[in-house]
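S.K.:
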Amino acid sequence: MTVSTEHSRISPSSQHRLPDFFIVGHAKSGTTALYEMLKQHPQIYMPVYKGGAGKEPWFFSADNPQPQVGSERSTAFTGRGRVTLEDYLALFANAEPRQLIGEASTSYLWSRTAAGRIAEARPDARIIAIFREPSSFLRSVHLQLLQNHHESERDFRKAVGLDEARREGRHIPRHSYWPQALIYSDRVRYAEQLRRFHAVFPREQVLVLIYDDFLADNERTVREVLRFLDADDAAPIAQVRANPTIGVRSTRLNDLRLALRDGRGPLLSLVRDAGKAITSKRVREAVYYPLQRRAVYRAAPPPDEAFMLELRRRFKGEVEALGEYLGRDLVGLWGYDKLD
Numbered sequence: 170m171t172v173s174t175e176h177s178r179i180s181p182s183s184q185h186r187l188p189d190f191f192i193v194g195h196a197k198s199g200t201t202a203l204y205e206m207l208k209q210h211p212q213i214y215m216p217v218y219k220g221g222a223g224k225e226p227w228f229f230s231a232d233n234p235q236p237q238v239g240s241e242r243s244t245a246f247t248g249r250g251r252v253t254l255e256d257y258l259a260l261f262a263n264a265e266p267r268q269l270i271g272e273a274s275t276s277y278l279w280s281r282t283a284a285g286r287i288a289e290a291r292p293d294a295r296i297i298a299i300f301r302e303p304s305s306f307l308r309s310v311h312l313q314l315l316q317n318h319h320e321s322e323r324d325f326r327k328a329v330g331l332d333e334a335r336r337e338g339r340h341i342p343r344h345s346y347w348p349q350a351l352i353y354s355d356r357v358r359y360a361e362q363l364r365r366f367h368a369v370f371p372r373e374q375v376l377v378l379i380y381d382d383f384l385a386d387n388e389r390t391v392r393e394v395l396r397f398l399d400a401d402d403a404a405p406i407a408q409v410r411a412n413p414t415i416g417v418r419s420t421r422l423n424d425l426r427l428a429l430r431d432g433r434g435p436l437l438s439l440v441r442d443a444g445k446a447i448t449s450k451r452v453r454e455a456v457y458y459p460l461q462r463r464a465v466y467r468a469a470p471p472p473d474e475a476f477m478l479e480l481r482r483r484f485k486g487e488v489e490a491l492g493e494y495l496g497r498d499l500v501g502l503w504g505y506d507k508l509d
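Residue 365 in the numbering used here sits at position 196 of the sequence shown, with consecutive numbering throughout.
1) If the criterion is Cβ atoms closer than 9 Å, does the pair residue 191 and residue 295 meet it?
2) My parser needs the beta strand (DSSP E) runs of 3 or more residues fully inside the segment 256-289; what are they?
3) Within a Cβ cutoff of 6 Å, which residues of the same chain sit near residue 331, ignoring the five residues on either side of it in sequence?
4) Please report how far the alpha carbon of residue 482 lies from the alpha carbon of residue 385, in whole angstroms.
5) Given that a residue counts as buried once 16 or more other Cβ atoms are within 10 Å of its Cβ, and exposed if not, what is residue 238?
6) By Cβ distance, which residues of its chain are closer than 7 Å to residue 264, with the 5 residues on each side in sequence left out?
7) Just the C-alpha distance for residue 337 and residue 352, rounded to the nearest angstrom, thanks.
8) Does DSSP put residue 504 in a helix, a strand or coil?
9) Can you name, in chain order, every residue of its own chain whose Cβ lies under 8 Å from the Cβ of residue 210, other than the five neighbours on each side?
10) DSSP on residue 294, reduced to helix/strand/coil?
11) Leaving aside the five residues before and after residue 473 along the sequence, list all residues of the same chain whose C-beta is less than 7 Å from its C-beta, in chain order.
12) Report the option in 194, 256, 499, 485 whose CA atom is closest to the CA atom of residue 509.
13) Given a cut-off of 9 Å, decide if residue 308 and residue 195 are closer than it, judged by their beta-carbon atoms.
14) Measuring alpha carbon to alpha carbon, tell me which of 313, 226, 368, 205 ends up nearest residue 470.
15) Output needed for residue 388: all residues of its chain with C-beta closer than 7 Å, excluding positions within five of it in sequence on either side, in chain order.
16) Would you check if the distance between the CB atom of residue 203 and the CB atom of residue 299 is smaller than 9 Å?
17) Please name the residue in 216, 492, 476 whose C-alpha comes closest to that of residue 257.
18) Distance, Cα to Cα, residue 229 vs residue 255?
19) Could you check the C-alpha separation between residue 492 and residue 499 for me, to the nearest Å?
20) Tell me, please, which residues DSSP counts as bridged to residue 376.
21) Between which residues of its own chain and residue 334 is the CB-CB distance below 6 Å, once the five residues before and five after are set aside?
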């Protein structure tokens with residue numbers, strides 16, 4: 170058994186452990202909360218990535234169709250530097266032999282190659298996929314990409330309208346390290362995405378969750394996941410609300426915040442280092458960072474209901490297809506039977 174990546178190969182003689190299960194997405198659908206809750210379980214090891222961003226190594230989804238050669242985007246597809254094989258395996262080095270290893274990368278579900286790569290590396294792995302009603306899902310993704318500095322178009326309707334241009338490599342924000350992530354409509358190909366995993370994994374190794382169920386009862390859903398993983402479903406697990414959707418007041422202020430954080434250029438490096446020299450970490454966490462967040466972020470703005478209705482009409486076929494594939498009435502659950 171081998172798994173090939175752009176730069177690396179895992180061989181059968183490798184002594185390192187690969188994950189036993191993968192949370193494959195979607196983003197903004199409870200994946201972070203599920204990651205945080207499973208991480209509490211004594212029989213489960215979920216890695217903490219350098220810098221605290223533990224749930225997004227993206228190792229098996231390196232299929233960026235439009236690498237931005239010659240720019241800062243060409244050096245990374247994760248925003249943390251390219252994840253090498255050694256980096257990836259190191260994430261799980263502290264797992265105890267008795268623990269199940271898991272990781273969560275929201276790109277795996279919409280990646281066209283991740284399912285096959287995971288199956289090549291771990292054909293016995295268990296897969297957890299989460300789906301959310303398309304219009305609310307895409308709106309939350311758009312706000313998240315704005316917050317993360319990878320989207321520059323604040324108007325959701327206009328951002329979705331750029332899909333075709335972005336497929337051609339146009340209108341890509343300067344700091345967007347993976348242009349494919351900005352093609353919103355491609356994310357809502359739910360049945361196709363699920364079929365990619367069913368094509369390489371037996372159905373009993375794939376658990377499909379619906380965001381509404383998880384939102385209504387976190388604990389019940391996590392117990393279902395634990396049973397799927399053959400872990401003790403009676404272990405105490407605290408409920409977690411993670412990664413709430415927020416708005417961005419100004420993309421320029423957000424640009425400046427990240428440029429200052431990363432020390433881009435001699436002047437900003439000097440300002441950042443001077444700030445650290447004259448303040449303690451405690452003061453920065455108690456005063457500076459909260460002020461910074463209030464200046465840059467705000468509560469999520471109300472949705473454009475007309476555009477949300479337009480999206481629901483557009484994606485009704487996808488909802489019907491997924492519902493038929495799963496044998497569940499998602500049209501009724503998500504209100505697609507009441508569209509005008």
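Ideal Cβ placement from N, Cα and C applies to all residues, glycine included. In this text the structure is predicted, and so the values were computed from the model without any measurement.
M.R.: Quick look at the numbers:
1) yes
2) 269-273
3) Result list for residue 331: 340, in chain order.
4) Rounded to the nearest whole angstrom, the CA to CA distance from residue 482 to residue 385 is 25 Å.
5) With a pLDDT of only 34 at residue 238, under 50, the local geometry of the prediction cannot be trusted, and the value read off the model is given with reservation. By the 10 Å Cβ count, residue 238 comes out exposed.
6) 186, 214, 270
7) For residue 337 and residue 352, the distance between alpha carbons rounds to 11 Å.
8) coil
9) 395, 400, 401, 404, 406
10) coil
11) 325, 326
12) 485
13) no
14) 313
15) For residue 388, where only same-chain residues beyond five positions count, the Cβ hits under 7 Å are 406, 408.
16) yes
17) Ranking 216, 492, 476 by Cα distance to residue 257 puts 216 first.
18) 14 Å
19) 5 Å
20) 297
21) Excluding positions up to five away in sequence, the list reads 340.
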